[in-house]
Amino acid sequence: MKNPRKISNSRRRFLWTVRGGMYFATALTGLLTLFIVAYVLIQGIPNLSWEFVSTKPSYLSGNIGILPDILNTLYIVIITLLIVIPLGVCAAVYLTEYATNKRLVSAIEYAAEALSGIPSIIYGLVGMLMFAGTIGTSLLAGGLTLVIMNLPTILRNTQESLKTVPQSYREGAFGLGAGKWRVVRTVVLPGCIDGVITGCILSVGRILGESAALLFTAGFAHALNGFVKGLGSAGATLTVALYVYAKEQGEFGVAFGIAAILLVLAFGINLSASAVTKYYQKKNAM
Amino acid sequence: MKTKENYLERLVHGVFLLLGLVTVACVLLITVYLVVSGIPAIREIGIVKFLFGAEWASTAAEPKYGILPFILTSVYGTAGAILLGVPIGFLTAIYLAKMAPKSVKEIMGQAVSMLAGIPSVVYGLVGMMVLVPGIRKLFHVPDGASLLAAIVVLAIMILPSIIKMSVTALEAVPKEYEDASLALGATPEETWFRVSVPAAKSGIAAAVVLGVGRAIGEAMAVMMVAGNAANMPSLFQSVRFLTTAVASEMSYSSGLQRQALFSIALVLFLFIMLINAVLNFFLKGEKRS
Numbered sequence: 007m008k009n010p011r012k013i014s015n016s017r018r019r020f021l022w023t024v025r026g027g028m029y030f031a032t033a034l035t036g037l038l039t040l041f042i043v044a045y046v047l048i049q050g051i052p053n054l055s056w057e058f059v060s061t062k063p064s065y066l067s068g069n070i071g072i073l074p075d076i077l078n079t080l081y082i083v084i085i086t087l088l089i090v091i092p093l094g095v096c097a098a099v100y101l102t103e104y105a106t107n108k109r110l111v112s113a114i115e116y117a118a119e120a121l122s123g124i125p126s127i128i129y130g131l132v133g134m135l136m137f138a139g140t141i142g143t144s145l146l147a148g149g150l151t152l153v154i155m156n157l158p159t160i161l162r163n164t165q166e167s168l169k170t171v172p173q174s175y176r177e178g179a180f181g182l183g184a185g186k187w188r189v190v191r192t193v194v195l196p197g198c199i200d201g202v203i204t205g206c207i208l209s210v211g212r213i214l215g216e217s218a219a220l221l222f223t224a225g226f227a228h229a230l231n232g233f234v235k236g237l238g239s240a241g242a243t244l245t246v247a248l249y250v251y252a253k254e255q256g257e258f259g260v261a262f263g264i265a266a267i268l269l270v271l272a273f274g275i276n277l278s279a280s281a282v283t284k285y286y287q288k289k290n291a292m
Numbered sequence: 117m118k119t120k121e122n123y124l125e126r127l128v129h130g131v132f133l134l135l136g137l138v139t140v141a142c143v144l145l146i147t148v149y150l151v152v153s154g155i156p157a158i159r160e161i162g163i164v165k166f167l168f169g170a171e172w173a174s175t176a177a178e179p180k181y182g183i184l185p186f187i188l189t190s191v192y193g194t195a196g197a198i199l200l201g202v203p204i205g206f207l208t209a210i211y212l213a214k215m216a217p218k219s220v221k222e223i224m225g226q227a228v229s230m231l232a233g234i235p236s237v238v239y240g241l242v243g244m245m246v247l248v249p250g251i252r253k254l255f256h257v258p259d260g261a262s263l264l265a266a267i268v269v270l271a272i273m274i275l276p277s278i279i280k281m282s283v284t285a286l287e288a289v290p291k292e293y294e295d296a297s298l299a300l301g302a303t304p305e306e307t308w309f310r311v312s313v314p315a316a317k318s319g320i321a322a323a324v325v326l327g328v329g330r331a332i333g334e335a336m337a338v339m340m341v342a343g344n345a346a347n348m349p350s351l352f353q354s355v356r357f358l359t360t361a362v363a364s365e366m367s368y369s370s371g372l373q374r375q376a377l378f379s380i381a382l383v384l385f386l387f388i389m390l391i392n393a394v395l396n397f398f399l400k401g402e403k404r405s
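Residue numbers (my numbering), protein chains in the order written: chain A, 7 to 292; chain B, 117 to 405.
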């Protein structure tokens, strides 16, 4: 590559065209990312202040604060994870440890794949019919919708990490006379903790970025509530609040402020996801 | 003692089975809900009139429910995003998988993850503030909120999935293939494009199909930049996608109009299921090879 050998002109042309194309495409991807991040941060950070993140909006004073939206986001993350982790982990344990019927396994795996392909607007619609229709537009309804959305993420990550638990551990435990449930509890479940953590981080990222599924299930109120009361009442998460402020109210400063916060959170989530993966790779390698 | 343990084992097994079946139940529930709530409006309007009617005027005195504009917009918009995004993503993926020095690969990997992690409303916001006025000035059109703006936003949004999946597929190509090609006198570039890419073709195809799925299902970002008028698709006109058609009228709809929105969601769902089937086909092809 360094000493261009004697090759025909047409081959040389091909070489430089594809090389140019690759450089151009990669530079474009990198610059686009840089531009979006820089633009949002530059537009957003001047709007951030302690007051902005610690007060609630008030029509009387015209003040706009996003504390309720931050809390709503937190509540919805907590409730979603609380429900989805047991569901996803148990489903993964069933698939790798218990299931003997191949048809059933492929049905569950196919269902998980189908779930991860469904667009969030459809989740929003079905969540509206299924949950918001019965328990009312509330954070709980939004959370339940997100549970279905994030089920495949937790399931798949747990399954992957269960596969790395050596078969000999299980056999050793069985050989010592442990029953199936005891083996699962003491050998298998501790082994899948890394997958659960990775799945959780990815799910949190997805919940933070979700808007279409929440618009019709969790609504867009900005009331300041405690956890239990918050779950029962409608509330906007950060992304939904961003959408409402930008599209319906034309408050672009506020929208960019929220966008900057979301970007920083997304960056943190990416970093922690790769840190966790690296940590466990090292640990498993030992 | 023995029977008590057996009882417990069976109980636990049952619980795990039940929780495992929740996934299947969710898919079934979603399907049933969409079909049950989507069929009535289609029956009332008539399937031909609904799918091929060229006019959508749900709030008019004599309402018309034709969703052809939405279907075509979704198809054109997705096709445009693929045309724009796939070449860029594909070339970036080859560079990152085969050519890039380690440091560049690391940084670009972070950049691509960042791109994947940006919420769609943030894409919408940036599109609204940068792209829409840009298109208005550049092409001298009255309003920049158009199909073109949506295509550009979607193209950027599908980049990370295309890059990540293609890189994985390209890195999985056995080194022997490439070595053989190099030993026969092919340049590295020729090897990547004529040996590695064909060997990774089902993975790359799966990446493209995944991109199609993401593009056709995206709602919020598109809603913020496409203008949302129910026009027939045209590059510089305000348009409405299948997704945004559902989202934009849902909050104030009622009666037949609301039912028609569910029917649109059903059509979208069928599109997605079709894409999933194609995706599975390619993924299976990759596993086999």
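Even glycine gets a Cβ: it sits at the ideal position worked out from N, Cα and C. Note that the coordinates shown come from a computational prediction; the quantities given were computed from them, not determined experimentally.
- Look at TYR149 (chain B): its C-beta is under 7 angstroms from a C-beta on chain A.
- Here the C-alpha atom of ILE42 (chain A) lies approximately 52 angstroms from the C-alpha atom of LYS186 (chain A).
- LEU152 (chain A) is outside the set of residues whose beta carbon lies under 7 angstroms from a beta carbon in chain B.
- Between ASN78 (chain A) and GLY211 (chain A) a beta carbon distance of about 17 angstroms is seen, past the 8 angstroms cut, so the two are scored as non-contacting.
- Of all residues in the stretch 15-47 of chain A, only ARG17, PHE20, LEU21, VAL24, ARG25, GLY27, MET28, TYR29, PHE30, ALA31, THR32, LEU34, THR35, GLY36, LEU38, THR39, LEU40, ILE42, VAL43, TYR45, VAL46 place a beta-carbon less than 8 angstroms from a beta-carbon of chain B.
- Our two residues, ILE160 (chain A) and GLU365 (chain B), have alpha carbons roughly 33 angstroms apart in a direct line.
- Shown here, SER370 (chain B) sits in coil according to DSSP, grouped into three states, outside any helix or strand.
- DSSP places ALA335 (chain B) in the coil class of the three-state scheme, outside both helix and strand.
- Counting only residues of its own chain and dropping the five nearest sequence neighbours on each side, ARG188 (chain A) has a CB closer than 8 angstroms to the CB of ALA179.
- Listed by position along chain B, the residues whose Cβ is nearer than 8 angstroms to that of THR192 (chain A) form an empty set, because the closest Cβ is around 13 angstroms away.
- Between PHE222 (chain A) and MET134 (chain A), the gap from beta carbon to beta carbon is short of 7 angstroms.
- Buried is the label assigned to SER282 (chain B), since at least 16 other Cβ atoms lie within 10 Å of its Cβ.
- Between the alpha carbons of ILE275 (chain A) and ARG19 (chain A) lies a gap of roughly 43 angstroms.
- Contact between the stretch 138-149 of chain B and the stretch 187-202 of chain A is absent: fewer than three C-beta pairs spanning the two stretches fall below 8 angstroms.
- With respect to the C-alpha of VAL341 (chain B), the residue from B:SER354, B:PRO349, B:GLY329 having the closest C-alpha is B:SER354.
- Contact between LEU241 (chain B) and VAL268 (chain B) fails: their C-beta atoms lie close to 14 angstroms from each other, not under 8 angstroms.
- CA-to-CA, the gap between LYS317 (chain B) and LEU399 (chain B) works out to about 10 angstroms.
- Exclusion of the five residues before and after SER190 (chain B) leaves ILE332, PHE357, LEU358 as the residues of its chain whose Cβ lies within less than 7 angstroms of its Cβ.
- As computed with DSSP, ALA302 (chain B) is found in no beta bridge at all.
- As computed with DSSP, ASN392 (chain B) is found in no beta bridge at all.
- For TYR211 (chain B), the nearest CB of chain A lies under 7 angstroms from its own CB, placing it at the interface with that chain.
- Distance from the Cα of PRO179 (chain B) is smallest, within the candidate group B:ILE198, B:SER297, B:PHE166, for B:PHE166.
- Contact between GLY238 (chain A) and SER112 (chain A) is absent: CB atoms are separated by about 39 angstroms, not below the 8 angstroms threshold.
- Among the CB atoms of chain A, one or more fall inside 7 angstroms of the CB of THR208 (chain B).
- Nearest Cα to PHE255 (chain B) within the set B:GLU121, B:VAL311, B:PHE352, B:ASN396: B:PHE352.
- Distances from the CA of ILE72 (chain A) to each of A:TYR175, A:ILE82, A:TRP56, A:ILE85 were compared; the closest alpha carbon is that of A:TRP56.
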